[in-house]
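**Q**
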Amino acid sequence: SLVERSNPGLMALLRIAGLADRTALQAEDVSFALAPRINAAGRLGQARLAVELLTTSDVERANALATYLDELNKNRQTVERRMLKQAKELVAEKPEWEEQRALVLSHADWHAGVIGIVASRVAEHFQKPTVMIAMNGVNGLAQGSCRSFAGFNLHAGLTACRHLLVGFGGHHAAAGLKIQPEGIDEFRIAFSQFVADNHDVLPGDAEQPVDAEVRLADLTVHSINELEKLGPFGADNRRPVFVVSNCELAGAPKKMGEGERHLSLQVRHFGVTMRGIAFGKGEWAEEIAKSGGSISICFQPTINRFRGRESVEFHLIDWQPTETRP
């Protein structure tokens, strides 16, 4: 395993990510804790440092590199938050864009190494295929990153608009492109029209698939550890998603993390209380607090391992106020 066979670089990375005490890693530990720190170096133009971290035999150098990559990752997150805010502001300034079947957004200050991450979040937020374009590319070209929504084939869309592009590549769900800055407006019209003509968004496309409705009492450490045996989880084998109806809030929801981006809450259901987290959903705190105290939650359960102790928590995906029956 990674824990048992780690070289100095990986051991340093595990320590900086707070995973050094783990006897085994889950897929989410790699994808949400280790990989972002490694990827941040490449996204911000310093990929050689990630390579050095993973190949060095010098423990002191490994620790220094891991610390630096952690700082780069925090910087990447700051850039990401700023770009997401700017993207939403661009759409707010141009209400007609929100009526189009796809979004094509551009900005002179966007970082080409980060636009792909932000494009995914914009596509999810507005529920439509999204192209985000950084205007500060090499040789005067603008560089874009594209993310799909509801199964739209991005590669087909870009192929149909290839006469407006300098180059492009990718697959049905994610792609990249290069374009002359003066051609962006024409591309926006053509790409959005292709999506409108060739893709129908069905009511179920925006719905969250759910595996079962459960009680909090069903979510024991043993049962979640049994679920973990279905892993590793990822795009083609997603972690099970459950619903619990008619939960009571066990205290006021709280914003947490840098910039109060995340949400922490506790819910109670038939005498069982459990803590949950919603990453990037700090704005839900006020909405949930106003719900009247009873909500239904959609989530993925997980095991929190801290100082040798295990407890069940949930990652909140969505929620809604419990309907009041007459």
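Numbering (the working numbering), first residue to last: 89 to 414. Glycine included, each C-beta is placed from N, C-alpha and C at the ideal position. Just so you know, these numbers come straight off a predicted model, no measurement behind them.
(1) Pull up the CB-CB distance for alanine 196 and cysteine 234, whole angstroms please, since I reckon it's below 8 angstroms.
(2) When burial is assigned at 16 or more other CB atoms within 10 Å of the CB, is glycine 276 buried or exposed?
(3) Alanine 338 to cysteine 249, Cα distance in whole Å?
(4) Measure the alpha-carbon distance for glycine 368 versus lysine 162 and round it to whole angstroms.
(5) Compute the beta-carbon to beta-carbon distance between tryptophan 198 and alanine 222, rounded to the nearest angstrom, for a pair I have assumed lies under 8 angstroms.
(6) Would phenylalanine 120 be called buried (16 or more neighbouring beta carbons within 10 Å of its own) or exposed?
(7) For tryptophan 407, tell me which candidate among Glu187, Glu398 and Val331 has the shortest Cα-Cα distance.
(8) So, are the CB atoms of arginine 232 and leucine 265 less than 7 angstroms apart?
(9) With DSSP as the reference, label asparagine 224 as helix, strand or coil.
(10) Glutamate 388: buried (16+ other C-beta within 10 angstroms of its C-beta) or exposed?
(11) Looking at the structure shown, is glycine 380 part of a helix, part of a strand, or coil, going by DSSP?
(12) What is the DSSP secondary structure of glycine 255, reduced to helix, strand or coil?
(13) Near phenylalanine 358, what residues of its chain come up, given a Cβ to Cβ distance below 8 angstroms and the 5 sequence neighbours on each side ignored?
(14) Taking the continuous alpha helix (DSSP H) assigned at phenylalanine 402, which residues delimit it?
(15) For arginine 413, I'd like the list of residues in its chain whose CB is within less than 7 angstroms of its CB, leaving aside the five on either flank, ordered along the chain.
(16) Among all the DSSP beta bridges, which residues are the ones paired with glycine 387?
(17) Determine the direct distance from the alpha carbon of threonine 111 to that of serine 145, and round the result to whole angstroms.
(18) How about arginine 349 and glycine 364: are their beta carbons less than 7 angstroms apart?
(19) With glutamine 114 and glycine 345 assumed to form a contact (beta carbons below 8 angstroms), what rounded beta-carbon distance in angstroms separates them?
(20) Please give me, in chain order, every unbroken run of the alpha helix (DSSP H) with length at least 4 that falls completely inside the stretch 169-210.
(21) Since isoleucine 312 and valine 400 are thought to touch, with beta carbons under 8 angstroms apart, how far apart are those beta carbons, to the nearest angstrom?
(22) Roughly how many whole angstroms lie between the Cα atoms of glycine 225 and glutamate 187?
(23) Considering just the uninterrupted stretch of the alpha helix (DSSP H) at valine 309, what are its terminal residues?
(24) Name the two residues that bound the continuous alpha helix (DSSP H) containing histidine 243.
(25) So which of Arg356, Ala340, Ser194 and Arg326 has the shortest CA-CA distance to glutamate 270?
(26) Assign threonine 166 to one of two classes, buried (16 or more other C-beta atoms within 10 Å of its C-beta) or exposed (fewer than that).
(27) Could you check whether isoleucine 385 and cysteine 335 sit closer than 7 angstroms to each other, using their CB atoms as the reference points?
(28) From the DSSP secondary-structure annotation, give me the bridge partner or partners of lysine 343.
**A** In brief:
(1) The beta-carbon distance between alanine 196 and cysteine 234, rounded to whole angstroms, is 19 angstroms. This is too long to meet the 8 angstroms contact definition.
(2) What sits at residue 276 in the sequence shown is arginine, not glycine. Buried, since its Cβ has 16 or more Cβ neighbours within 10 Å.
(3) Whole-angstrom Cα-Cα distance: 53 angstroms.
(4) Linking glycine 368 to lysine 162 through their CA atoms gives a straight-line distance of about 14 angstroms.
(5) In this structure tryptophan 198 touches alanine 222 by the C-beta definition: roughly 4 angstroms separates them, less than 8 angstroms.
(6) With fewer than 16 other Cβ atoms within 10 Å, it is exposed.
(7) Nearest option by C-alpha distance: Val331.
(8) Just to set this straight, residue 232 is glycine in the shown sequence, not arginine. Their beta carbons are under 7 angstroms apart, which means glycine 232 touches leucine 265 by this criterion.
(9) Of the three classes helix, strand and coil, the one that applies to asparagine 224 here is coil, per DSSP.
(10) It should be noted that the sequence gives glutamine, not glutamate, for residue 388. Classification for glutamine 388: buried.
(11) Coil, per DSSP.
(12) It is a strand residue.
(13) Sequence-distant partners of phenylalanine 358 (beyond 5 residues in either direction) whose C-beta falls short of 8 angstroms from its own C-beta, in its chain, are Arg303, Leu304 and Ala305.
(14) Here phenylalanine 402 belongs to no alpha helix (DSSP H); instead the beta strand (DSSP E) covers 397-409.
(15) Because the pLDDT of arginine 413 is 45, which lies under 50, any placement of that residue in the model is unreliable, and the question is left without a value.
(16) Rather than glycine, the amino acid found at residue 387 in this sequence is phenylalanine. Answer by DSSP bridge pairing, in chain order: Phe330 and Leu404.
(17) Inter-residue distance for serine 145 and threonine 111 is about 22 angstroms (C-alpha atoms, whole angstroms).
(18) Cβ distance not < 7 angstroms, so arginine 349 and glycine 364 don't count as in contact.
(19) Not confirmed; about 21 angstroms, so no contact.
(20) Assignment of alpha helix (DSSP H) within the stretch 169-210, counting only whole runs of 4 or more residues, yields 183-187 in chain order.
(21) Under the criterion of beta carbons closer than 8 angstroms, isoleucine 312 and valine 400 qualify as touching, at roughly 6 angstroms.
(22) Straight-line measurement puts the Cα of glutamate 187 at about 29 angstroms from the Cα of glycine 225.
(23) Counting along the chain, the alpha helix (DSSP H) containing valine 309 begins and ends at 309-316.
(24) For histidine 243, the enclosing alpha helix (DSSP H) covers residues 242-248.
(25) Looking at the Cα atoms, Ser194 is the closest of the given residues.
(26) Around the beta carbon of threonine 166, fewer than 16 other beta carbons sit within 10 angstroms, so the residue counts as exposed.
(27) Their beta carbons are under 7 angstroms apart, which means cysteine 335 touches isoleucine 385 by this criterion.
(28) When DSSP reads this structure, lysine 343 sits in a beta bridge with Leu351.
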